[in-house]
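If you read the sequence shown in this note's numbering, its first letter stands for residue -11, the second for the next number, and so on.
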Amino acid sequence: SADLRNCLIYMHITSCLSAKMISDLTGIPLRTVYRVLSVWKATGEVKPEAQGKQGRPRALDFADTQFLVGAVTGDNDRYLDELRDMLEERCGVRVSEATIWRTLHRAGFRMKE
-11 SADLRNCLIY MHITSCLSAK MISDLTGIPL RTVYRVLSVW KATGEVKPEA
39 QGKQGRPRAL DFADTQFLVG AVTGDNDRYL DELRDMLEER CGVRVSEATI
89 WRTLHRAGFR MKE
């Protein structure tokens, strides 16, 4: 939290404590103390650096997802392999059936009972 970061910086400035001493006193990992002090010295702020998107980029973009949603909405009895073949034929994208399943699941579709 920002309060904790401020506290670490306050300890460093007012008490002239080293990162090692702050870590020992607070139980916060030494690497975390170093990172907080480093960001503060570089930017003058205590908030952490913004994190970018993590993980692998999605194989299907918005248009591909919309195509799948439209195909399933029009005829919800299609099999995943049929959807995969349609997607490749119309959009030029070849992905696995698992990718299609995950994409439809994220779009709100669930298995029929």
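Note that CB positions come from ideal geometry on N, CA and C, so glycine has one too.
- Taking every protein chain shown into account, the CB of ASP69 has fewer than 16 other CB atoms within 10 angstroms, so this residue is exposed.
- Counting the other CB atoms within 10 Å of its CB gives ILE88 a total of 16 or more, which places it among the buried residues.
- The criterion of a C-beta distance shorter than 8 Å is satisfied by VAL34 and TRP28.
- Membership of CYS(-5) in the alpha helix (DSSP H) is indicated by the continuous run -10 to 2.
- The three-state secondary structure of TYR67, taken from DSSP, is coil.
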